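What follows is a short report on a single structure.
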Amino acid sequence: MKLMNDQLLMETFKIYAVLNAEGKILKENAKLYHTDDEVRGTLMAFANEVDCTIISADPYIYMVPLTKNSIFHMTNDEIKKQYFPSRSLNVDIYLMYVAIIIFIGEFYDSYQTTRPTRDFLTTVEWLSSLNERLMALKNIDEEILKDMEEEYAYNWLDILTNWEAARTVSRMSFILIVKQFMIKEEIAVEIGQDELCLTDKAHTIIRKYFMEYEYNKGILEFIYQLEQGETTDAGNSQD
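So for the sequence shown, this note's numbering puts the first residue at 374; every next one is plus one.
Written out as C-alpha cells, the structure reads:
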C-alpha cells in the first residue's frame, strides 16, 4: 500500500481537525479534498473511525455523525443544556427528533422520494402536522405500540403522554425551541416571516442517508403511515 507523504498527511489532518471541532469547513479552505484522491480517501477513513461521513454542500464540506443516537455533533445532555429548560427530560429530546423527522417529511411525498415537493413550512403547519401524527398514535393498541418501541428505539408511549400533557402554548414553545436548534445546526433556514425551508446540507443528508431504509430503520415509513392511517389498520389486522 502506498503511504501518503508527510506534508500531504499533515494537510489532511488539518482539514480533519477543523471538521472534528466545527463539523464543517469552507470548501475553499479544503481544496485538496476535491483535487486529491488520497486526501479525500484518508479523510473518509478518519471520519469512518468516529462513525461519521463527509458530505459536500455549498459552500461547506461537513462531517456528519451516522450513529443511531444522534445525527448531530452533540449528546442528548448537551442538547438539553443548550436548548431546553433545566427540568427537561430525555423524552423531550426524543420528541424533538420526532418533530424534526416530521418537519423533513413535510417536504417529501414519501420516504423513498428524493425531490422535495414544497418550498417552505410555517411553524403553525409544522405544529399541526406533528399533532396529527402523534394523535394518530392514540388509535394504535398499547401492546402494538410497545412492540414498535423496540423496533424503532423510540418510547412512543412516553412521547405521546408528554405531548398530551402540554398546553397549546407549551407545544408552540416546544416547536420554537426545535426551530432554533435546527437553524443553529443548519438543517433549516428562515426565508421569510415564519417560513422555514431545508438547507442544502439537509437535502444532501436526506438524499444520501436519511431516505435509506436500512439507515433510518423504517422510521420515515412509520411516520408516513401515521399520516395515511395505515399503521392503525395494520395493527387492527393483527388482532
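Think of the CB as a built atom: it goes at the ideal place given N, C-alpha and C, for glycine as much as any other residue.
Since we're looking at a predicted model, the values are computed, not measured.
| query | When you compare only the Cα positions, how much space is there between M383 and T408? | reply | As a first step, residue 383 is located in the sequence shown; it is residue number 10 there, counting from the start. As a first step, residue 408 is located in the sequence shown; it is residue number 35 there, counting from the start. Those two C-alpha atoms are separated by around 16 Å.
| task | Determine, using beta-carbon pairs with one atom in the region 551-562 and one in the region 469-477, whether at least three such pairs fall under 8 Å. | result | yes
| said: So for T415, helix, strand or coil by DSSP? | reply: In the sequence shown, residue 415 corresponds to position 42, counting from 1. Helix at T415.
| message | According to DSSP, is T448 part of a helix, a strand, or is it coil? | response | Mapped onto the sequence shown, residue 448 falls at position 75. Note: T448 maps to coil in three-state DSSP.
| query | Taking all protein chains shown into account, do 16 or more other C-beta atoms lie within 10 angstroms of the C-beta of T415, making it buried, or fewer, making it exposed? | reply | As a first step, residue 415 must be located in the sequence shown, where it is residue number 42. That one is buried.
| query | Hey, A507 and L533: beta-carbon distance below 7 Å or not? | reply | Within the sequence shown, the letter at position 134 stands for residue 507. Within the sequence shown, the letter at position 160 stands for residue 533. The amino acid occupying residue 507 in the given sequence is Leu; Ala does not appear at that position. Yes, the pair counts as a contact, with Cβ atoms nearer than the cut-off.
| Which partner residues does I427 have in the DSSP bridge list? | Numbered from its first residue, the sequence shown carries residue 427 at position 54. Paired residues: M436.
| said: Using a Cβ distance threshold of 8 Å, determine whether the region 504-521 contacts the region 444-460, with at least three qualifying pairs required. | reply: no
| field | Pair within 7 Å by beta-carbon distance, L494 and E505 | value | By one-based count along the sequence shown, residue 494 stands at place 121. By one-based count along the sequence shown, residue 505 stands at place 132. Not closer than 7 Å, so no.
| The beta strand (DSSP E) enclosing K397, as first and last residue numbers | The residue given as residue 397 occupies position 24 in the sequence shown. Taken as a continuous stretch (DSSP letters only), the beta strand (DSSP E) holding K397 covers K397 to L399.
| Simplified DSSP state of E559, which is helix, strand or coil | The count along the sequence shown starts at 1 and reaches residue 559 at position 186. Here E559 sits in coil by DSSP.
| Sequence-distant residues of the same chain with beta carbon closer than 7 Å to W536, five excluded per side | Residue 536 sits at position 163 when you count from the first residue of the sequence shown. So the qualifying residues of the chain are L468 and L507.
| task | Could you please give the first and the last residue of the uninterrupted alpha helix (DSSP H) stretch that includes L507? | result | The residue labelled residue 507 in the question sits at position 134 within the sequence shown. T496 to L510 is the extent of the alpha helix (DSSP H) around L507.
| message | With H, G and I counted as helix, E and B as strand and the rest as coil, what does DSSP make of I388? | response | For the purposes of this step, residue 388 is taken as residue 15 along the sequence shown, with counting starting at 1. If DSSP states are grouped into helix, strand and coil, I388 belongs with the helices.
| task | With DSSP as the reference, please indicate the residues paired to E568 in a beta bridge. | result | Numbered from its first residue, the sequence shown carries residue 568 at position 195. Bridge partners of E568: G565.
| field | Same chain, Cβ closer than 6 Å to F386, five either side skipped, listed in chain order | value | For the purposes of this step, residue 386 is taken as residue 13 along the sequence shown, with counting starting at 1. Here the set comprises nothing.
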